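Working notes, structure below.
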Amino acid sequence: MFARLVAESFVRDPRRKMLTAAALVVGMAVATATLTVALEVGDRLAREFRSLGANLLVTPQSDTLPLEIGGVDYRPVDEGSYLSEANLGKLKMIFWRHNILGFTPFLDVPVSIRGASNGSLATATTLIGTWYEHAVLVPDGTTFQTGASVTHPWWAIQGRWFGERANECVVGATLAATYPGGIAVGKLIYVTAQDTARAQQQTRPLVVTGIVSTGGAEDKAVLVPLAVAQTLSSRPEQFRQLYVSALTKPADALAERDPSTLTPTEYDRWYCSPYISSISFQIRKVLADTDVRPIRRVADSEGRILSRVSTLLWIVTLAALLAAALAVAATSAATVLQRRSEIGIMKAIGATNALVAGIFVAEQLMLATAGGAIGFVFGIALARALGESVFGTPAAPRLVLLPVILGLAAVVAIAGSLIPLRRAAHFDPAPILRGE
Amino acid sequence: MFARLLWQLLRASRGRLAVALIAVISSAAVISALLNIDFDIDRKLTQEFRMLGANVVIAPRQAAQPAEPGAATPTLSASPSLMDSSVVLGELERNHTPNLIAAAPYLYMVARTTNTPVVVAGTWLDQASKLAPTWKLDGDWITSRAEKTRCLVGRNVAQQFHLAPGAQLELSYLGRSVRLGVAGVVDAGGADDNQIFVNLPVAQGLAGIDGQIEIVQLSVSGTATSISEYSAQLSKALRGYDVRPIRQVTEAEGQLLHRTRLLITSMVILILALTALCVLATMAALAMERREDVGLMKALGGSMLRILGLFLAEVAVLGAAGGLAGCVAGFALSRWIGGRVFGTSITPRWEIVPLTVALMVAVALTGALPLRRLGNVKPAVILRGE
Numbered sequence: 002m003f004a005r006l007v008a009e010s011f012v013r014d015p016r017r018k019m020l021t022a023a024a025l026v027v028g029m030a031v032a033t034a035t036l037t038v039a040l041e042v043g044d045r046l047a048r049e050f051r052s053l054g055a056n057l058l059v060t061p062q063s064d065t066l067p068l069e070i071g072g073v074d075y076r077p078v079d080e081g082s083y084l085s086e087a088n089l090g091k092l093k094m095i096f097w098r099h100n101i102l103g104f105t106p107f108l109d110v111p112v113s114i115r116g117a118s119n120g121s122l123a124t125a126t127t128l129i130g131t132w133y134e135h136a137v138l139v140p141d142g143t144t145f146q147t148g149a150s151v152t153h154p155w156w157a158i159q160g161r162w163f164g165e166r167a168n169e170c171v172v173g174a175t176l177a178a179t180y181p182g183g184i185a186v187g188k189l190i191y192v193t194a195q196d197t198a199r200a201q202q203q204t205r206p207l208v209v210t211g212i213v214s215t216g217g218a219e220d221k222a223v224l225v226p227l228a229v230a231q232t233l234s235s236r237p238e239q240f241r242q243l244y245v246s247a248l249t250k251p252a253d254a255l256a257e258r259d260p261s262t263l264t265p266t267e268y269d270r271w272y273c274s275p276y277i278s279s280i281s282f283q284i285r286k287v288l289a290d291t292d293v294r295p296i297r298r299v300a301d302s303e304g305r306i307l308s309r310v311s312t313l314l315w316i317v318t319l320a321a322l323l324a325a326a327l328a329v330a331a332t333s334a335a336t337v338l339q340r341r342s343e344i345g346i347m348k349a350i351g352a353t354n355a356l357v358a359g360i361f362v363a364e365q366l367m368l369a370t371a372g373g374a375i376g377f378v379f380g381i382a383l384a385r386a387l388g389e390s391v392f393g394t395p396a397a398p399r400l401v402l403l404p405v406i407l408g409l410a411a412v413v414a415i416a417g418s419l420i421p422l423r424r425a426a427h428f429d430p431a432p433i434l435r436g437e
Numbered sequence: 602m603f604a605r606l607l608w609q610l611l612r613a614s615r616g617r618l619a620v621a622l623i624a625v626i627s628s629a630a631v632i633s634a635l636l637n638i639d640f641d642i643d644r645k646l647t648q649e650f651r652m653l654g655a656n657v658v659i660a661p662r663q664a665a666q667p668a669e670p671g672a673a674t675p676t677l678s679a680s681p682s683l684m685d686s687s688v689v690l691g692e693l694e695r696n697h698t699p700n701l702i703a704a705a706p707y708l709y710m711v712a713r714t715t716n717t718p719v720v721v722a723g724t725w726l727d728q729a730s731k732l733a734p735t736w737k738l739d740g741d742w743i744t745s746r747a748e749k750t751r752c753l754v755g756r757n758v759a760q761q762f763h764l765a766p767g768a769q770l771e772l773s774y775l776g777r778s779v780r781l782g783v784a785g786v787v788d789a790g791g792a793d794d795n796q797i798f799v800n801l802p803v804a805q806g807l808a809g810i811d812g813q814i815e816i817v818q819l820s821v822s823g824t825a826t827s828i829s830e831y832s833a834q835l836s837k838a839l840r841g842y843d844v845r846p847i848r849q850v851t852e853a854e855g856q857l858l859h860r861t862r863l864l865i866t867s868m869v870i871l872i873l874a875l876t877a878l879c880v881l882a883t884m885a886a887l888a889m890e891r892r893e894d895v896g897l898m899k900a901l902g903g904s905m906l907r908i909l910g911l912f913l914a915e916v917a918v919l920g921a922a923g924g925l926a927g928c929v930a931g932f933a934l935s936r937w938i939g940g941r942v943f944g945t946s947i948t949p950r951w952e953i954v955p956l957t958v959a960l961m962v963a964v965a966l967t968g969a970l971p972l973r974r975l976g977n978v979k980p981a982v983i984l985r986g987e
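These protein sequence lines map, in sequence, to chains A and B.
Just so it is clear: in the first sequence, position 250 is 251 by my numbering, and no numbers are missing.
Just so it is clear: in the second sequence, position 218 is 819 by my numbering, and no numbers are missing.
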């Protein structure tokens, strides 16, 4: 009898339930979309922050003081320590290997360059050996594509990058513009370096394949494949600095502490969180005799801005949930009010308050389930569109949210109709039916 | 008469109106708080990005240096890559904007201490904490750019030469030398760790080149367009010099700002739609309850236009009052959120008040539109309760 009553009430006069249903669908769609986006926004934004480039710097441990001005190391090649290229694949074997987005070795060589035409001036500059896109052999048998394209994404090239093994180079924009006569793409330049091992000069012709603009010291330098710089400076397989771009979690109280003072459980938690401190610790373990330091300018700003933006987004998400709840509650209340005369008739023919409330609550529950489910589907589509427009990739649907959304819809729909139902319970049927 | 009727109407149904008013107020509060945050977020975020330090540099538009055989490290006095500090800094002073957070000239040189070469940077040390907010300092900051007896040393330098705050160090360059006390040790996490920072006059005296600087670093807040406008303005004033944004910082900043902004704005729009729906439903319910009153007034001979006007006025007053009260609550809310998220409060934007109130009134009136249908209902039927 109760079921039939509810079913009848649910099916009859659908226009009256339109408002509640619409509010449920819209409200729950917004709730689903904002929750889906908020759940993955931290990860997405962290990835966006990697456009700032590398956040870890690896240098040899027992090194002389680098004479670095504006990003170029002016130490002679025979001074200071070097790192070996052979171990770099191990970076993709650490615990947080998937968070290592890229790494690029650098080797600076002081050289002089000269244009191909006769009588062109020799000019002192720096030869920067690096990778642009290089396949690194990882010990597990796979290869990992990395280089400056990942760690220095703001480098803009006119022309194309050098080939990995070719005698090609890319010239910094300032150098290309200020060199007497200019340097253009397709030209040949001669690079001369002091060969310290054999105490003689080594010259090599290089084809200019592009002009690079970085806004940094590279604008005044010549960029070549690492292998070319290594041959010119007689430092096979070696480099001076390694820039690593790692996906990290903003530092919290645990990350600030000294790992040696942690208890074993805390240590495990620290080791298994992608803090910048734990990632640099793991890198130091696989690359012997190195000093791994976070580039604080990037790492600190990243952590702070990231945590602030995600707090803000959670607050906005909370506001969206609140607005959804308010909208559903308000429409549910309106629906109950509209049906006062129906309640009056039910009560006049002997229905108890409990029965009336029961019928309404059951009806609201059915409405909430249907509206919530439809809203969830719309919400997934909305989240996809939102993720697509903001981050370029659609947000993946999360089915875990379905019960949460259905529960929310039910609670809000019932809560919204409770107050007017309670008021309805106090009404005498006679005046209502009279229309007063 | 109209006003008195309206007043009576509002007073008589206080209880029912209170519920509607609460709905309007909370909607208006959420909307005004979010709009306030949305309007202010650019400024807040660009301030945050100043953590990244300098984003514009001024450098001489240099000619290529002739090769000097054997000399790998650049020698200073012969270098064409210097500029006259009075010209550049004077022009910078004339083009000052409140967006310029910090600016400092730099002169780099490779001096020697205990016969080991080390990079010395001459700058304005009072700007250091603003130009490099991520520096961690052990010891004291140097707060005056005229201080000539103390310096800051990078962490690696301190390690190499066993220096601590309070220690003494001697710098020498081409026969000249200067003795300085260490005020603090800088942990910068980067190339700065390998440098010694002194005030500009000390470095110029040591190098023997008065009034010369190498580059100027600026930290400019604002959006990507306002930063590039400012650097365009500077480069117009400083012909012959190279004014360029540091691309690593400005590009990432612009992109991140755009994405965050887009995300928050689209969420705010969704919330706006929801709160509008909430007010709409409340007002629709209220209007339906007025059916009997309409019937009665019509029976008493009121013209439909007048009756409708009365009820619409009621709804509009409700929307305006709720909107105003909500704005006050919303500003308090946005202050609190600003304090929690950014550590500083968000300045209230007064243009949000008319915007929110107008929105609330418009939505409330839309919600009351079903009343219009009552025009063709016969009073007798309604009064009978059908």
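Note that the Cβ used here is the ideal one computed from N, Cα and C, for glycine as well.
In this text, all values refer to a predicted model and were calculated from it rather than measured experimentally.
{"Query": "8 Å Cβ cutoff met for asparagine 656 (chain B) and serine 827 (chain B)", "Result": "no"}
{"Query": "Sequence-distant residues of its chain with Cβ nearer than 8 Å to glutamate 219 (chain A) (five each side left out)", "Result": "Gly72, Ile129, Trp156, Gly173, Val213"}
{"Query": "Members of the stretch 296–320 of chain A near chain B, C-beta cut-off 8 Å", "Result": "Ile296, Arg297, Arg298, Val299, Ala300, Asp301, Ser302, Arg305, Ile306, Arg309, Val310, Thr312, Leu313, Leu314, Ile316, Val317, Thr318, Ala320"}
{"Query": "Within chain A, partners of valine 786 (chain B) - CB distance below 7 Å", "Result": "Simply none; closest approach about 14 Å."}
{"Query": "Segment contact, 8 Å Cβ cut-off, at least three pairs: the stretch 305–317 of chain A with the stretch 76–83 of chain A", "Result": "no"}
{"Query": "Under the three-state DSSP convention, the category alanine 665 (chain B) falls into", "Result": "With a pLDDT of only 48 at alanine 665 (chain B), under 50, the local geometry of the prediction cannot be trusted, and no value is derived from it."}
{"Query": "Beta carbon of leucine 248 (chain A) nearer than 8 Å to that of arginine 51 (chain A)", "Result": "yes"}
{"Query": "Cβ neighbour criterion (16 or more within 10 Å) applied to threonine 715 (chain B)", "Result": "exposed"}
{"Query": "Minimum length 4: unbroken alpha helix (DSSP H) runs contained in the stretch 784–871 of chain B", "Result": "801–808, 825–838"}
{"Query": "With 16 other Cβ atoms within 10 Å as the buried cut-off, status of serine 261 (chain A)", "Result": "exposed"}
{"Query": "Contact set between isoleucine 70 (chain A) and chain B, taken where Cβ atoms lie within less than 7 Å", "Result": "Tyr709, Val720"}
{"Query": "CB contact below 8 Å: leucine 897 (chain B) versus chain A", "Result": "no"}
{"Query": "Within 8 Å, strictly: CB atoms of valine 689 (chain B) and valine 719 (chain B)", "Result": "no"}
{"Query": "Inter-residue Cα distance where the pair is isoleucine 642 (chain B) and serine 822 (chain B)", "Result": "13 Å"}
{"Query": "Contacts that alanine 334 (chain A) makes with chain B (C-beta to C-beta distance below 7 Å)", "Result": "Ala886"}
{"Query": "Alanine 792 (chain B) versus B:Phe762, B:Lys731, B:Val721, residue with shortest Cα-Cα distance", "Result": "B:Val721"}
{"Query": "Glutamine 283 (chain A): CB within 7 Å of a non-hydrogen atom of the ligand SAM", "Result": "Among the components of this structure there are no ligands whatsoever, and the ligand SAM is therefore not found."}
{"Query": "C-alpha distance - alanine 729 (chain B) paired with arginine 840 (chain B), whole-angstrom precision", "Result": "27 Å"}
{"Query": "Threonine 105 (chain A), enclosing beta strand (DSSP E) - first and last residue", "Result": "101–116"}
{"Query": "Environment of asparagine 800 (chain B) [buried if 16+ CB atoms lie within 10 Å]", "Result": "buried"}
{"Query": "Glycine 902 (chain B) in three-state terms, based on DSSP", "Result": "coil"}
{"Query": "Glutamine 813 (chain B): contacting residues in chain A (beta-carbon distance under 7 Å)", "Result": "Correct list: empty, because the minimum Cβ distance to chain A is about 15 Å."}
{"Query": "Phenylalanine 392 (chain A) and arginine 115 (chain A) closer than 8 Å at C-beta", "Result": "no"}
{"Query": "Partner residues on chain A for serine 836 (chain B), Cβ-Cβ distance less than 9 Å", "Result": "The contacting residues do not exist; serine 836 (chain B) stays about 14 Å from chain A at best."}
{"Query": "Amino acids of chain B, ordered along the chain, whose beta-carbon sits closer than 8 Å to that of valine 378 (chain A)", "Result": "In chain order: nothing, as chain B lies at least about 16 Å away."}
{"Query": "Lysine 348 (chain A): first and last residue of the uninterrupted alpha helix (DSSP H) it sits in", "Result": "341–349"}
{"Query": "Proximal residues to leucine 708 (chain B) (C-beta, below 6 Å), its chain only, five neighbours per side dropped", "Result": "Gly723, Ala804, Ile814, Glu815"}
{"Query": "Chain B contact residues for valine 27 (chain A), given Cβ-Cβ distances below 8 Å", "Result": "Ala874, Leu875, Leu878"}
{"Query": "Residues from the stretch 852–865 of chain B in contact with chain A, defined by Cβ distance under 8 Å", "Result": "Glu852, Ala853, Gln856, Leu857, Arg860, Thr861, Leu863, Leu864, Ile865"}
{"Query": "Cβ neighbour criterion (16 or more within 10 Å) applied to serine 678 (chain B)", "Result": "The predicted model places serine 678 (chain B) with a pLDDT of 42, which falls under 50 and marks its position as unreliable, so this point remains unresolved."}
{"Query": "C-beta neighbour in chain B for leucine 402 (chain A), strict 8 Å", "Result": "no"}
{"Query": "Closer than 8 Å to chain B by CB, glutamate 165 (chain A)", "Result": "no"}
{"Query": "Beta-carbon spacing of valine 787 (chain B), tryptophan 736 (chain B) below 8 Å", "Result": "yes"}
{"Query": "Cβ of arginine 751 (chain B) within 8 Å of any chain A Cβ", "Result": "no"}
{"Query": "8 Å Cβ cutoff, arginine 48 (chain A) in contact with chain B", "Result": "no"}
{"Query": "Length of the line joining the Cα atoms of alanine 331 (chain A) and proline 699 (chain B)", "Result": "47 Å"}
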